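Residue numbers (this note's numbering): 148 to 377. See below for the structure under consideration.
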């Protein structure tokens, strides 16, 4: 009899506040014997810390995943292949694996790359949605992102913003920390600075709210989200 293969789960853990973890996410994490968590060069595993604040993990196998920040597609793909191979070893042995993702698992999530690799090799993958960071940021700022007729645009902070900021409706600039000074300059040029606000590390102890982008903090960090209201 062929051994059952494990299921690969992508679990959105929300932006930072453990209380934003969904009941479904907690149930799946409780069932999975292996928890895969992205790890920074300094050894930090933020998504794992969020989950650990909400549930015990003493009896789980923790699988750190090391990803490069390189923009080289070949280097990125090799990084994804290494992580997928480490996960596949557990799946082949019949162990379900839950990969943690900040925010929602379908929005700028590394899980998607690993899911494509592993499903191409015949493994089953399931996505567990989480609270998107920009929704938590809008709530923190007390802003409604849309109206009945206005669209919402989600933009990568490192992209080309000049033309995209002309789109109708509200705009969300994701993970814009390192490019924030340049983004603020473009917003100023387009007369949008006064309609923009930022939250860094939403829901974390290091959370920082900036409602005036003309007075940016020196260190905005990686997880900075800007909302430009219509």
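Note that CB positions come from ideal geometry on N, CA and C, so glycine has one too. Keep in mind it's a predicted model, so treat the numbers as computed, not measured.
Around the beta carbon of residue 362, a 10 Å sphere encloses fewer than 16 other beta carbons of the protein chains shown; the residue is thus reported as exposed.
A direct Cα-to-Cα measurement between residue 336 and residue 322 gives close to 21 Å. Around the beta carbon of residue 235, 16 or more other beta carbons lie within 10 angstroms, which makes this residue buried. Under the three-state reduction of DSSP, residue 168 is assigned to coil, being neither helix nor strand. Rounded to the nearest whole angstrom, the C-alpha separation of residue 155 and residue 187 is 22 Å. Distances from the alpha-carbon of residue 175 to those of 207, 328 and 319 put 207 closest. Remark: C-beta atoms of residue 245 and residue 183 approach each other more closely than 8 Å. CA-CA distance, residue 373 to residue 333, rounds to 13 Å. The stretch 204-238 is shown to contain whole beta strand (DSSP E) runs of 3 or more residues at 208-213, in chain order.
Apart from sequence neighbours up to five positions away, the residues of its chain that approach residue 339 with a beta-carbon distance below 7 Å are 312 and 375, ordered along the chain. Judged by DSSP secondary structure, residue 247 falls within the beta strand (DSSP E) whose first and last residues are 244-248.
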